[in-house]
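Visitor: Sequential numbering of the sequence shown, starting at 0, is according to numbering that gives the first Met the number 0.
Even for Gly, the Cβ is constructed at its ideal location relative to N, Cα and C.
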Amino acid sequence: MVSACLLGEACRYDGRSQRSERVLAALEGKAVVPICPEVASGLPIPRPPVDLRGGTGVDVWAGQARAVEREARTDRTEDFQRGARLALDAARRFDVTVALLKEKSPSCGSQRVYESGVLRSGEGITTALLRAEDITVVSDEEL
Ligand code: SF4
């Protein structure tokens, strides 16, 4: 499973992609399930940037942190959790064992995410759910 933005899909919050030639080269010949949890949840492109507040993805699932729009402070936690569950559904359907996801995203980050505007160690909401279900999540920055 791979973050769709890394494959060239213009699904980021700012309407752009994060196409990575390094990722595309590493995936050559492999079966790939593209996923953008935020768009899968029904959020639009573009959409306001969201930060985690009160913790990281693991804390969101524990009910101790939220996903909140940076400017308007609209709470998007349920949208992000819905997207994460859809990613997990797809992973199960296609017997995914490894996910290669975009670093620093509040959904897909696996080593670092923004919390209250500050980059810190931790993982995003989708990554936390996939890892809880024993799916290995690696960062595009690890390639
Ligand atoms: S990082 Fe994840 S949620 Fe964000 S645009 Fe890429 S695939 Fe979608």
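1. Examine ligand 1 and report whether any of its heavy atoms sits within less than 7 Å of the Cβ of Pro-36.
2. Per DSSP, Asp-50 is paired with what?
3. Hey, out of Val-137, Leu-42, Gly-121 and Leu-6, whose CA is closest to Thr-73's CA?
4. Less than 6 Å between C-beta atoms, sequence neighbours within five positions excluded: which residues of the same chain meet that for Met-0?
5. Can you tell me which residues form a DSSP beta bridge with Ala-98?
6. Which class does Leu-26 belong to by DSSP, given the choice of helix, strand or coil?
7. Under the rule that 16 or more other beta-carbon atoms within 10 Å means buried, what is Asp-139, buried or exposed?
8. Which of the three DSSP states, helix, strand or coil, is assigned to Glu-37?
9. Relative to the C-alpha of Thr-135, which candidate in Glu-114, Arg-119 and Cys-107 has its C-alpha closest?
10. At a threshold of 7 Å, does Ala-3 count as lining ligand 1 (C-beta to nearest heavy atom)?
Guide: A quick look at the data gives this:
1. yes
2. Val-67
3. Leu-42
4. Val-32, Ile-34, Ala-90, Val-95 and Ala-98
5. Assignment of beta-bridge partners to Ala-98 by DSSP yields Val-136.
6. helix
7. By the C-beta density criterion, Asp-139 is buried, having at least 16 other C-beta atoms within 10 angstroms.
8. helix
9. Looking at the Cα atoms, Cys-107 is the closest of the given residues.
10. yes
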